[in-house]
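Here is the structure:
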């Protein structure tokens, strides 16, 4: 019988597809990386997705996020993503949390235990809280180390954070994880030297405590797809193939 995932089943087999349909993946962040990653997971056949993001679509998201259009500006990213997933496969279960990821609300976010976690959020404190919880619960995780100010998606790599180089966020995270005694964290990072955008402004900076990174259409999506691929292969036991 023909279905949404017939071609996927042809590639990976009925048993592996069935495993994906029974899997719950928690994705934190529905931005440039997260939105493309989530869509790839949905199209791969993941049966339940838990999405966490408190942001609404803004005009400046349109250059890189799969849920960002003029018609969706002002709407919650999680809400739009849920609609897209159900248009791909109505049977896929989607749970959404319109909240920022904070150490204080980790318990709420982990109310339903996922089988796999994808961290596509920006802040170090939130990343650390998620990684700590994943390690405590022994849940597989991959963390994105950022795609801002980068133009070369071919330089992305997936590795243990202990073997990373160049990436400024990796350097900070390595130090913080070491201080917490946490090891064996899988990340996606880039060996590209970030483009220097200091001193440049878009008009969005008013009220912001940090400088905003530059971005482009093709870099975050590639990161999201690479992460989705790694997650799917690990879930079905094809890691390294």
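Residue numbers (the numbering used here): 1164 to 1404.
Idealized CB from N, CA, C, for every residue including glycine.
Where residue i falls, given that 16 or more other Cβ within 10 Å makes a residue buried
| i | result |
| --- | --- |
| residue 1202 | buried |
| residue 1324 | buried |
| residue 1404 | exposed |
| residue 1240 | buried |
| residue 1286 | exposed |
| residue 1282 | buried |
| residue 1166 | exposed |
| residue 1338 | exposed |
| residue 1342 | exposed |
Candidates the options, of which the one nearest residue i by Cα
| i | options | result |
| --- | --- | --- |
| residue 1219 | 1166, 1237 and 1290 | 1237 |
| residue 1378 | 1326, 1269, 1223 and 1387 | 1223 |
| residue 1298 | 1195, 1337, 1199 and 1345 | 1345 |
| residue 1252 | 1278, 1208 and 1331 | 1208 |
| residue 1260 | 1271, 1177, 1330 and 1250 | 1271 |
| residue 1266 | 1374, 1288 and 1327 | 1288 |
| residue 1226 | 1391, 1273, 1381 and 1390 | 1381 |
Alpha carbon of residue i to alpha carbon of residue j, nearest angstrom
| i | j | result |
| --- | --- | --- |
| residue 1290 | residue 1174 | 34 Å |
| residue 1358 | residue 1312 | 5 Å |
| residue 1321 | residue 1365 | 31 Å |
| residue 1214 | residue 1191 | 6 Å |
| residue 1205 | residue 1280 | 15 Å |
| residue 1275 | residue 1362 | 43 Å |
| residue 1277 | residue 1302 | 7 Å |
| residue 1319 | residue 1196 | 13 Å |
| residue 1383 | residue 1332 | 16 Å |
Neighbourhood of residue i by C-beta distance below 8 Å, restricted to the same chain and skipping five residues each side
| i | result |
| --- | --- |
| residue 1211 | 1186, 1187, 1188, 1255, 1256, 1257 and 1258 |
Chain-order list of residues whose beta-carbon lies under 7 Å from that of residue i (same chain, five-residue window excluded)
| i | result |
| --- | --- |
| residue 1393 | 1305 and 1321 |
Contact the region 1183-1196 vs the region 1382-1398: 3+ CB pairs below 8 Å: yes
At least three beta-carbon pairs within less than 8 Å, the region 1294-1307 to the region 1341-1355: yes
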